[in-house]
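Residues in the sequence shown are numbered consecutively from 97, following the working numbering.
All C-beta atoms in this analysis are idealised placements derived from N, C-alpha and C, irrespective of residue type, glycine included.
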Amino acid sequence: MKHFLFILLIFSASKIWSAPLPESLFKAIAEIENVNSMRESLAITIPENEKANLETFKSVCKPVGMRLQSLNKENQWSIRQASDKFRNPQHKAQGIEIKAINMFKKDKSLVSFISDSQEKDKIGFYYFRRINVQTSCLKCHGMKNKRPDFVIQKYPNDKAFGFSVGDLRGIYSFFVEVKK
């Protein structure tokens, strides 16, 4: 069903523009899937009985952010992580990202989707992909009073807590402009 929905959205978007979808969109989708797989693989390396600290962050979350930065630089892309319950203010969901987050919350089986967009003078496509909370994520994103000290100190306005396994933590958001 997930694949059908994804294909349907691609077909619908393609019909709207009556032109093929940009190759960079498909490349970005593949890279975002790789990044998410990397995130999940790194998350399961944290021993269950280990307390989270700055080193935990450096071994799981930081490499994901650095890989996204690298992809953006290499390809002149703008892939970002966004959330309505953000820790880093740079990851605060904006406009259409908030709508995407609400769609993911409404349909927990929805993994990703493409949406056409016409904002200001830019016409193109967004790709959104959900980020789910893994068991090890709860060490920093679980109960508010159990967050590591480095999180409390570095992010005094933190909103990224209170999650359970499987919850929507945020999204990957990618926009590609279409030249007409």
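- In the DSSP assignment, asparagine 228 is bridged to Leu264.
- Here DSSP, grouped into helix, strand and coil, assigns glutamate 144 to coil.
- With respect to the 7 Å criterion, phenylalanine 270 and alanine 124 are classified as neighbours on the basis of their beta carbons.
- Annotation for glutamate 129: Arg225 place their beta carbon closer than 8 Å to its own, counting only its chain and skipping 5 residues before and after.
- Take the alpha-carbon of alanine 196 and the one of aspartate 180: they are about 11 Å apart.
- Rounded to whole angstroms, the separation of the alpha carbons of glycine 266 and glutamate 215 is 22 Å.
- Between the segment 191-206 and the segment 160-170, the count of Cβ pairs shorter than 8 Å is below three; the stretches do not touch.
- Apart from sequence neighbours up to five positions away, the residues of its chain that approach histidine 237 with a beta-carbon distance below 7 Å are Val229, Ala256, Phe257, Phe259 and Arg265, ordered along the chain.
- With 16 or more other Cβ atoms from the protein chains shown falling within 10 Å of its own Cβ, leucine 121 counts as buried.
- When rounded, the separation of the alpha-carbon atoms in phenylalanine 200 and glutamine 249 is 31 Å.
- Taking the Cβ atoms as the reference, valine 272 lies roughly 34 Å from leucine 234, outside the contact range of under 8 Å.
- Per DSSP, reduced to three states, the secondary structure at aspartate 245 is helical.
- Ile142 is the residue among Asp254, Ser174, Pro185 and Ile142 whose C-alpha sits nearest the C-alpha of serine 232.
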